[in-house]
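Asker:
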Amino acid sequence: MYQEVILDHYRNPLHKGLREPFEGEAHHVNPTCGDEVTLRVHLEGEGQDARIADVSYDAMGCSISQASASVMSDLVIGRSVKEAMAVGDEFLALMQSRGRDAEPDEDVLEDAIAFAGVSKYPARIKCALLAWMAWKDATARALGEAT
Amino acid sequence: MPGEIVLTKNATEGINLVAYAMSNAATAGPEAERFRVGPGDEVVVTEMEHHANLVPWQQLCQRTGATLRWFGLTDDGRLDLAELDTLVNERTKVVAVTHQSNVLGTVPPVALIAERAHRVGAVVVVDGAQSVPHQPVDVATLGADFLAFSGHKMLGPTGIGVLWGRHELLEAMPPFITGGSMIEVVRMEGSTFLPPPQRFEAGVPMTAQAVGLGAACDYLSEIGMDRVREHEETLVGYALERLTEIPGVNLVGPGTTEARGGAVSFTVDGIHPHDVGQVLDELGVEVRVGHHCAWPICRRYGIPATTRATFYLYNTLADLDALADGVRQAQKFFGTA
Ligand SMILES: Cc1ncc(COP(=O)(O)O)c(C=O)c1O
Numbered sequence: 107m108y109q110e111v112i113l114d115h116y117r118n119p120l121h122k123g124l125r126e127p128f129e130g131e132a133h134h135v136n137p138t139c140g141d142e143v144t145l146r147v148h149l150e151g152e153g154q155d156a157r158i159a160d161v162s163y164d165a166m167g168c169s170i171s172q173a174s175a176s177v178m179s180d181l182v183i184g185r186s187v188k189e190a191m192a193v194g195d196e197f198l199a200l201m202q203s204r205g206r207d208a209e210p211d212e213d214v215l216e217d218a219i220a221f222a223g224v225s226k227y228p229a230r231i232k233c234a235l236l237a238w239m240a241w242k243d244a245t246a247r248a249l250g251e252a253t
Numbered sequence: 002m003p004g005e006i007v008l009t010k011n012a013t014e015g016i017n018l019v020a021y022a023m024s025n026a027a028t029a030g031p032e033a034e035r036f037r038v039g040p041g042d043e044v045v046v047t048e049m050e051h052h053a054n055l056v057p058w059q060q061l062c063q064r065t066g067a068t069l070r071w072f073g074l075t076d077d078g079r080l081d082l083a084e085l086d087t088l089v090n091e092r093t094k095v096v097a098v099t100h101q102s103n104v105l106g107t108v109p110p111v112a113l114i115a116e117r118a119h120r121v122g123a124v125v126v127v128d129g130a131q132s133v134p135h136q137p138v139d140v141a142t143l144g145a146d147f148l149a150f151s152g153h154k155m156l157g158p159t160g161i162g163v164l165w166g167r168h169e170l171l172e173a174m175p176p177f178i179t180g181g182s183m184i185e186v187v188r189m190e191g192s193t194f195l196p197p198p199q200r201f202e203a204g205v206p207m208t209a210q211a212v213g214l215g216a217a218c219d220y221l222s223e224i225g226m227d228r229v230r231e232h233e234e235t236l237v238g239y240a241l242e243r244l245t246e247i248p249g250v251n252l253v254g255p256g257t258t259e260a261r262g263g264a265v266s267f268t269v270d271g272i273h274p275h276d277v278g279q280v281l282d283e284l285g286v287e288v289r290v291g292h293h294c295a296w297p298i299c300r301r302y303g304i305p306a307t308t309r310a311t312f313y314l315y316n317t318l319a320d321l322d323a324l325a326d327g328v329r330q331a332q333k334f335f336g337t338a
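Protein chains in written order, with our numbering: chain S, 107 to 253; chain R, 2 to 338.
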């Protein structure tokens with residue numbers, strides 16, 4: 107489960123730290139383990155075509171949740187909201203695959219493909235998804251959608 | 002005494018039964034007087050309770066306007082009893098305390114607390130979910146008025162637990178769950194109820210689970226609960242020794258086997274408890290990680306979670322060697338040692 111990619115992101119997380127400006131912020135907690143993330147999204151433009159100019163976060167938790175926040179932010183920054191949501195859906199599908207017949211698309215998921223092994227451990231899937239969920243939430247807020 | 006054993010779904014339900022009976026006492030007859038709780042009254046718990054012996058009391062206070070108070074913890078994982086006489090006072094209606102912490106392993110001096118509680122007329126509710134499976138428990142010596150535990154933690158099935166209550170209290174206590182099997186006479190205008198324990202066992206009972214729990218009790222009694230405790234004391238002593246000799250390992254709980262049961266929680270510098278647990282899991286060592294349904298303990302010690310090893314009669318010293326070796330491997334893997 108602990109791919110070298112995951113450990114690298116865990117030791118040297120990308121985009122970490124809370125930054126300004128931002129239009130949406132979300133705080134997510136995993137109540138079964140106490141992992142926490144506060145995440146901000148800075149968008150340029152409107153609606154689904156808005157460009158994700160920055161994702162910044164402060165997170166506390168295990169290597170999986172920390173590395174996932176790093177990988178996620180690096181994947182979505184620079185994309186449009188619509189494109190990034192599609193990547194998020196692909197990642198969610200990978201996490202729900204229970205380690206079976208998953209054929210994750212490496213072109214879409216890039217480093218996030220390293221989390222494939224996590225899907226075999228139901229207790230850890232939430233760790234890998236925590237930052238993604240916070241990002242979706244923060245983005246919805248930035249776009250002014252009620253969540 | 003016959004009639005003192007109420008079958009419940011689990012310890013959680015047993016504790017809720019008492020907490021809800023106490024709010025139902027507000028509208029029950031005069032015999033339920035001593036269970037009434039309201040504004041100005043106090044309910045005392047501890048900071049080391051499992052959520053099952055904390056949240057029901059928070060909720061009772063919310064429903065009735067009573068005030069929740071609690072014993073804090075010392076740095077070495079014991080109950081801080083310095084304020085015993087002020088915390089448990091003439092306003093106290095209930096003192097709810099664990100007999101063995103599922104996180105720290107601590108066995109608090111329940112008898113001492115119960116003595117003070119009874120002097121001020123409070124009811125003593127003991128969470129025996131961890132003590133009943135692991136040590137001989139005598140409710141009289143303990144000074145308990147109620148004691149709850151679960152079958153699945155003592156080699157029995159899930160879906161069954163016990164609420165033991167002192168007969169005169171059960172006699173006077175109003176029901177929680179009502180319906181079939183617990184009534185005496187039913188008319189459209191109202192109903193009367195059976196004596197305990199039936200009054201508290203509404204609906205078709207979980208007969209299969211009850212037989213299973215009975216078999217588990219017989220099995221444990223045959224082995225002898227004092228021998229179970231002795232065995233676990235040996236394991237705990239060895240676990241404490243093997244774990245504390247590893248640099249970077251921090252115990253969360255008492256460092257000696259005195260008044261302590263077989264749950265050993267710890268953190269490892271630089272490695273999140275979940276990651277410690279995952280490495281151990283891959284090595285075939287089963288531990289639990291998280292806040293173990295006792296979140297305030299983690300808050301008290303400023304940690305997000307712990308890794309926790311627990312023992313029972315089937316564990317061996319070799320298991321603990323595997324545990325200690327596994328922790329060292331996790332340190333190597335994450336490059337912290
Ligand atoms: C100390 C303690 N109290 C209460 C409980 C609740 O037990 P159950 O979930 O079986 O009701 C547990 C176990 O989870 C426990 O360890």
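The beta-carbon is built from N, C-alpha and C at its ideal position, and this holds for glycine as well. Computed from a prediction, not measured in an experiment: that's the story for all the values here.
Mind checking whether residue 183 of chain S and residue 234 of chain S have CB atoms under 7 Å apart?
Answerer: In this structure, residue 234 of chain S does not lie closer than 7 Å to residue 183 of chain S by Cβ.
Asker: Got a sec: which bits of the segment 162-179 of chain S sit with their beta carbon under 7 Å from any beta carbon on chain R, in order along the chain?
Answerer: Those residues of the segment 162-179 of chain S that come within reach of chain R (Cβ to Cβ, closer than 7 Å) are 166, 167, 168, 169.
Asker: In chain order, what are the residues with a CB under 7 Å from some non-hydrogen atom of ligand 1?
Answerer: This selection yields R:11, R:12, R:13, R:14, R:51, R:53, R:54, R:99, R:101, R:102, R:103, R:128, R:130, R:131, R:151, R:153, R:154, R:162, R:294.
Asker: Can you look up residue 166 of chain R in the DSSP assignment and give me helix, strand or coil?
Answerer: It is a strand residue.
Asker: Are the CB atoms of residue 101 of chain R and residue 108 of chain R nearer to each other than 7 Å?
Answerer: The answer is yes: Cβ separation under 7 Å.
Asker: Quick one: does residue 291 of chain R have its CB under 7 Å from some CB of chain S?
Answerer: True, the Cβ-Cβ gap to chain S drops below 7 Å.
Asker: Starting from residue 176 of chain S, trace the alpha helix (DSSP H) both ways and give me its first and last residue.
Answerer: 169-182 is the span of the alpha helix (DSSP H), which, as asked, contains residue 176 of chain S.
Asker: Run through DSSP, which three-state label would residue 213 of chain R get?
Answerer: Three-state result, residue 213 of chain R: helix.
Asker: Taking Cβ-Cβ distances shorter than 8 Å, what residues in chain R pair up with residue 140 of chain S?
Answerer: 291, 292, 296, 299, 305, 306, listed in chain order.
Asker: Which value, in whole angstroms, describes the spacing of the CA atoms of residue 123 of chain S and residue 113 of chain S?
Answerer: Cα-Cα distance, rounded: 19 Å.
Asker: Considering only C-alpha positions, which residue in the set S:180, S:107, S:176, S:157 is nearest to residue 245 of chain S?
Answerer: Among S:180, S:107, S:176, S:157, the Cα nearest to that of residue 245 of chain S belongs to S:157.
Asker: Helix, strand or coil: how does DSSP classify residue 203 of chain S here?
Answerer: Coil at residue 203 of chain S, not helix or strand.
Asker: Contact check, residue 127 of chain R vs residue 143 of chain R under 8 Å by CB: the rounded distance?
Answerer: Right, the Cβ-Cβ distance comes to about 6 Å (below 8 Å), so this counts as a contact.
Asker: Could you tell me whether the Cβ of residue 270 of chain R comes closer than 7 Å to any Cβ of chain S?
Answerer: Output row for residue 270 of chain R: interface = no.
Asker: Does any CB atom of chain S fall closer than 7 Å to the CB of residue 276 of chain R?
Answerer: It does; some Cβ of chain S falls within 7 Å.
Asker: Give the DSSP-derived three-state secondary structure of residue 158 of chain S in the structure shown.
Answerer: DSSP places residue 158 of chain S in strand when its eight states are reduced to three.
Asker: Indicate whether at least one CB of chain S lies closer than 7 Å to the CB of residue 168 of chain R.
Answerer: Chain S, which has no Cβ nearer than 7 Å to the Cβ of residue 168 of chain R, makes this no.
Asker: Is it buried or exposed, residue 192 of chain S, if we count other Cβ atoms within 10 angstroms and call 16 or more buried?
Answerer: Exposed: under 16 other Cβ atoms inside 10 Å.
Asker: Compute the beta-carbon to beta-carbon distance between residue 53 of chain R and residue 36 of chain R, rounded to the nearest angstrom, for a pair I have assumed lies under 8 Å.
Answerer: With 8 Å as the limit, residue 53 of chain R and residue 36 of chain R do not qualify as a contact, their Cβ atoms being about 20 Å apart.
Asker: In terms of residues, what are the limits of the beta strand (DSSP E) holding residue 144 of chain S?
Answerer: Segment 141-150, the beta strand (DSSP E) holding residue 144 of chain S.
Asker: Quick test of your reading: residue 139 of chain S and residue 290 of chain R, contact by CB under 8 Å. State the CB separation rounded to the nearest angstrom.
Answerer: Indeed, because the Cβ distance is near 7 Å, the residues count as touching under 8 Å.
Asker: In chain S, which residues lie less than 7 Å from residue 273 of chain R when you measure between Cβ atoms?
Answerer: Those are 167, 168, 169, listed as they occur along chain S.
Asker: Kindly indicate the opening and closing residues of the alpha helix (DSSP H) around residue 328 of chain R.
Answerer: Note, residue 328 of chain R: alpha helix (DSSP H), 318-334.
Asker: Between the C-alpha atoms of residue 72 of chain R and residue 99 of chain R, what's the straight-line distance to the nearest angstrom?
Answerer: For residue 72 of chain R and residue 99 of chain R, the distance between alpha carbons rounds to 12 Å.
Asker: Who are residue 132 of chain S's beta bridge partners in DSSP?
Answerer: Per DSSP, S:145.
Asker: Starting from the beta carbon of residue 107 of chain S, find every residue of chain R whose beta carbon is closer than 7 Å, and list them in chain order.
Answerer: Chain R residues near residue 107 of chain S: 279.
Asker: CA-CA distance, residue 196 of chain R and residue 172 of chain R?
Answerer: If you take the alpha carbons of residue 196 of chain R and residue 172 of chain R, they lie about 6 Å apart.
Asker: By DSSP, does residue 171 of chain R sit in helix, in strand, or in coil?
Answerer: In the structure shown, residue 171 of chain R sits in a helix (DSSP, three-state: H, G or I).
Asker: So does the segment 193-209 of chain R actually touch the segment 161-177 of chain R, counting three or more Cβ pairs closer than 8 Å?
Answerer: With the cut-off at 8 Å, the segment 193-209 of chain R and the segment 161-177 of chain R touch.
Asker: Quick one, which of R:323, R:319, R:137, R:271 has its alpha-carbon nearest residue 282 of chain R's?
Answerer: For the residues R:323, R:319, R:137, R:271, the minimum Cα distance to residue 282 of chain R belongs to R:323.
Asker: Taking only beta-carbon positions, decide if residue 75 of chain R is within less than 7 Å of chain B.
Answerer: Structure shown: chain B not included; protein chains present are S and R.
Asker: Might you give, ordered along the chain, the residues of its own chain that have their beta carbon closer than 7 Å to the beta carbon of residue 33 of chain R, omitting 5 neighbours on each side?
Answerer: If we look at residue 33 of chain R and ignore the five residues flanking it on each side, its Cβ neighbours are 26, 173, 174, 175.
Asker: Below 7 Å between beta carbons: does that hold for residue 147 of chain S and residue 134 of chain S?
Answerer: No. Outside cutoff.
Asker: Tell me the rounded alpha-carbon separation between residue 132 of chain S and residue 202 of chain R.
Answerer: Cα to Cα, residue 132 of chain S sits roughly 46 Å from residue 202 of chain R.
Asker: Is it a yes or a no for the segment 44-64 of chain R touching the segment 177-188 of chain R, going by three-plus beta-carbon pairs under 8 Å?
Answerer: With the cut-off at 8 Å, the segment 44-64 of chain R and the segment 177-188 of chain R do not touch.
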